[in-house]
Structure formats: C-alpha cells, structure tokens
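Working notes, beginning with the structure itself.
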Amino acid sequence: FSDDFEGYPLNDWPSSNWTGFGGNDSDHSANYIAEDPEDATNKVFRLYGVIGSMWSAGAEREFALPDDFAISLKVYNGGESIPSNGHQVRATLGSKSGTHWSNPGRGYFWFHKDGNLYAADGLILQSYDTERWYDMTVAFSRSQTDLTLHYWVDGIDLGSISLLVDPAIDDLQDHIELTAQAGSAYFDDIVVTPEPATLFLLGLGGLALRRKRRAK
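The sequence shown lines up with residues 1 to 216 when you count with UniProt numbering.
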C-alpha cells in the first residue's frame, strides 16, 4: 500500500485507513492531518505524545506482513524539550498484532531524545536533528529462524541487523504502526513494497519515483 495523506481533510483523523491504538491518539485536536511544517501546500499525518507522561499516540494500518517487504516513509520530529520522566522517544515505526497499544509488536526504529536514531536491536544508526524531514527505508526479510532489517536514511545505506524470530510475536503481525511517544511527529509518503528483491535490483530510486515529495 501507499499513503501520501493528500486524500484526507485537514484537521481530521484519517479514519478510512488508520486506527488509533488507544492512547493520546484519541485526542483528535492533537492528532490529525496537518500542513507540512515546511510546505503548507502539502498534507502530512501529525501524531502527538503527551510530554512527561507515558501517554503516547499511535496509528495502525492493516497490512498482512509477508516474509519479505520494504517500507519507506518520511519522518519529521518536533523540537519540543523532553524531560527525564515519561517516554524518552519521539517518532517510531513498527508493526503490531491488532490495533491496541498493549498487543505484541516489533519496533523497527525509533528517534530517541538523546539525539540518536536507533535500529530494532538498539544499535545506533546515526544522530539526527529535530525539525527536519528524514527519508527512511527499512527492508525486512524473515527466514525460519532469523529476521533481517536493512536500513537506509536519506538514501545512505546504514547496513543491517539480525534478530531471532519469535513466533509468538512475528506470526501475528498484521498492522503497520506509526507512533509519537513524546512530542509531535509528522509522517508522509508511506510506501510498502512486498518482495523487495525487486527493489534491490532496480535500486532505491524505484521507491523514490513513487513519492510526491522532492528531496530538499
């Protein structure tokens, strides 16, 4: 699937395709289709986790995860100051079984308040700045025993990590999850491509051609 958020009304939750996970996402005055912070002519999806608390906001979209797929999207983190209490992470991407926040899931990456972007195993991929768009791609491959996640940021290959398959989690994943754990996070131009072997043969440009946003 793909979603550039242009087809939804401004200031509304995109309910035709996205379901909240039962946190601050229920506050639609803070979680909605918004103007791009850098381009008011472009629509994006804004989520907001309450700062200094454990009250994050999440959005789930149904997707039957194949063994091999790639997901690409743009992520922009707000510049709010995050204290030592409550959630310590800004934007995240992952997958989940069902839509409730407490259901089993996998985190693919997260932007920590310490200024680092982390992979699913806790590896630091790189540092990052708030109030800036990042072009993220994760290619996911599952064998009988291992999960491999390969990362690109702004078109730069940052390598891969491996995790052990946990059937109690990985056999049940059926939603893609966007989250703002603390502060504001904006998402745009999501493209999910099954069987990413084609992606590797054609190069990452194959995804880039399907997005509306131009690199700045």
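Every residue, glycine too, gets a C-beta built ideally from N, C-alpha and C.
Remember, it's a predicted structure, so these values are computed and weren't measured experimentally.
Nearest to residue i by CA position, among the options, is which residue?
i	options	result
I82	A180, K96, E195 and Y8	A180
G79	G155, D171 and E131	E131
I112	T99, V89, G94 and A119	Per the sequence shown, residue 112 should be read as His rather than Ile. Measuring from the Cα of H112, the nearest candidate turns out to be V89.
L73	E195, F187, P194 and F21	F187
S2	P194, E195 and I190	I190
T193	G183, L172, D39 and F63	F63
residue 217	S56, W133, Q173 and G115	The chain is shown only over 1 to 216; residue 217 falls outside these bounds and no answer can be derived.
S16	R61, D39 and P104	R61
G183	L164, D39, G20 and S56	S56
What are the start and end residues of the alpha helix (DSSP H) that includes residue i?
i	result
A168	P167 to D170
Terminal residues of the continuous beta strand (DSSP E) containing residue i?
i	result
D4	No beta strand (DSSP E) contains D4, which DSSP labels as neither H nor E.
E62	A57 to E62
G52	First-last for G52: undefined, no H or E at that position.
G183	G183 to P194
A34	Y32 to D36
Output needed for residue i: all residues of its chain with C-beta closer than 8 Å, excluding positions within five of it in sequence on either side, in chain order.
i	result
L10	Y32, I33, A34, E35 and K43
G107	T92, L93, G94 and A120
D171	none
Which one or two residues does DSSP pair with residue i in a beta bridge?
i	result
N116	S127
W133	Y76
S160	H150
I176	R61 and S95
I82	Looking at the DSSP assignment, I82 forms no beta bridge with any residue, so it has no partner.
Once you ignore the five residues that flank residue i on each side, which residues in its own chain have a CB closer than 7 Å to its CB?
i	result
L209	Here L209 scores only 36 on pLDDT, less than 50, and its place in the model should not be relied on; the value that follows carries that caveat. None.
L204	For L204, the pLDDT reaches just 49, beneath the cut-off of 50, and the residue's location in the model is therefore unreliable, leaving the point undetermined.
Just how far apart, CA to CA, sit residue i and residue j?
i	j	result
D157	L125	10 Å
W13	F45	8 Å
Y128	Y8	29 Å
G49	P167	30 Å
W18	A59	6 Å
S70	L147	It should be noted that the sequence gives Ala, not Ser, for residue 70. Going from the Cα of A70 to the Cα of L147 covers about 13 Å.
G86	G52	4 Å
N103	D114	27 Å
L149	I161	5 Å
Taking 8 Å as the CB-CB cut-off, is residue i touching chain B?
i	result
I124	The structure shown contains no chain B; it is built from a single protein chain.
To which residues of the same chain is residue i closer than 6 Å at the C-beta, ignoring the five residues directly before and after it?
i	result
D67	R142
E6	K43
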